[in-house]
Amino acid sequence: MGKKISIALAGLGSRGKDAYAQAAKEFPEKMEIVAIADIDPAKLKEVAEEFHIPQERCFASAEELIAQEKLADVMFITTQDRQHVGQAIPALKKGYHLLLEKPISPDLEECRELVRVAKECDRLVIICHVLRYAPIYSKLKEVIDSGVAGDIVSVMSIENVGYWHQAHSFV
Numbered sequence: 001m002g003k004k005i006s007i008a009l010a011g012l013g014s015r016g017k018d019a020y021a022q023a024a025k026e027f028p029e030k031m032e033i034v035a036i037a038d039i040d041p042a043k044l045k046e047v048a049e050e051f052h053i054p055q056e057r058c059f060a061s062a063e064e065l066i067a068q069e070k071l072a073d074v075m076f077i078t079t080q081d082r083q084h085v086g087q088a089i090p091a092l093k094k095g096y097h098l099l100l101e102k103p104i105s106p107d108l109e110e111c112r113e114l115v116r117v118a119k120e121c122d123r124l125v126i127i128c129h130v131l132r133y134a135p136i137y138s139k140l141k142e143v144i145d146s147g148v149a150g151d152i153v154s155v156m157s158i159e160n161v162g163y164w165h166q167a168h169s170f171v
């Protein structure tokens with residue numbers, strides 16, 4: 001088994017707190033959250049208590065976290081879309097590998113700049129496109145694998161994205 005990775009988690013919304021932090025709980029032998037940042041003091045306190053993160057490793061913003069000496073192997077950036085690149089570039093320069101929530105940025109030039117800096121710093125950047133892990137798709141795979149629907153020869157899928165998706169995800 002490979003080395004356990006340490007994670008600095010910037011952004012404690014649904015992706016940070018409810019997805020990635022829970023994955024760390026599910027796979028403690030593979031990853032450990034060692035520092036966190038969020039603008040919401042209540043979320044910061046909740047996650048710090050749940051993951052036993054000392055106060056000196058809890059920060060009021062991603063920028064405050066990034067300003068510290070490098071605290072982890074990888075930084076997960078799960079903040080608002082328009083903040084991603086402004087936080088990712090200094091994190092790369094600090095030496096972090098990144099897991100970055102989608103979209104990279106709504107601005108193509110910012111995306112290009114992020115790629116340039118990642119190459120310059122020789123850092124890995126993973127962009128999360130994780131709908132395949134959404135409960136509906138997991139259930140669909142389970143049904144298909146079970147054979148209950150017979151031999152599948154064609155599939156048509158439409159995802160109707162309601163107002164709540166944009167309101168929640170800022171897509």
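Letter by letter, the sequence shown follows residues 1 to 171 in the UniProt record's numbering.
Yeah, the Cβ is synthetic: ideal placement off N, Cα and C, and Gly gets one too.
Does the beta-carbon of residue i have 16 or more other beta-carbons within 10 angstroms, so that it is buried, or is it exposed?
i, result
"D87", "One detail in the question is off: residue 87 reads as Gln in this sequence, not Asp. That one is buried."
"F170", "Low local confidence applies: a pLDDT of 49 at F170 is under 50, so the model's placement there is unreliable, and no value is given."
"H52", "exposed"
"G147", "exposed"
"H84", "buried"
"A48", "buried"
"M156", "exposed"
"I152", "exposed"
Quick one: what does DSSP say residue i is sitting in, helix, strand or coil?
i, result
"L140", "helix"
"A67", "helix"
"I89", "helix"
"I5", "strand"
"H52", "coil"
"A35", "strand"
"residue 231", "Nothing can be reported for residue 231: it is not among the residues displayed for the chain, which extend from 1 to 171."
"V74", "strand"
In the DSSP assignment, the alpha helix (DSSP H) including residue i goes from what residue to what residue?
i, result
"L108", "108-121"
"A24", "21-26"
If you compare alpha carbons, which of the options is closest to residue i?
i, options, result
"E110", "F59, I89, P135, E64", "I89"
"K119", "H97, R15, S157", "H97"
"E101", "L124, C121, C128", "C128"
"F27", "A42, T78, I7", "I7"
Could you spell out the range, first to last residue, of the beta strand (DSSP E) harbouring residue i?
i, result
"E101", "97-101"
"I158", "First-last for I158: undefined, no H or E at that position."
"V125", "125-128"
Using 8 Å as the threshold, is the stretch 29-42 in touch with the stretch 58-73, meaning 3 or more CB pairs across them? Judged by Cβ distances under 8 Å, the stretch 29-42 makes contact with the stretch 58-73, as three or more pairs qualify.
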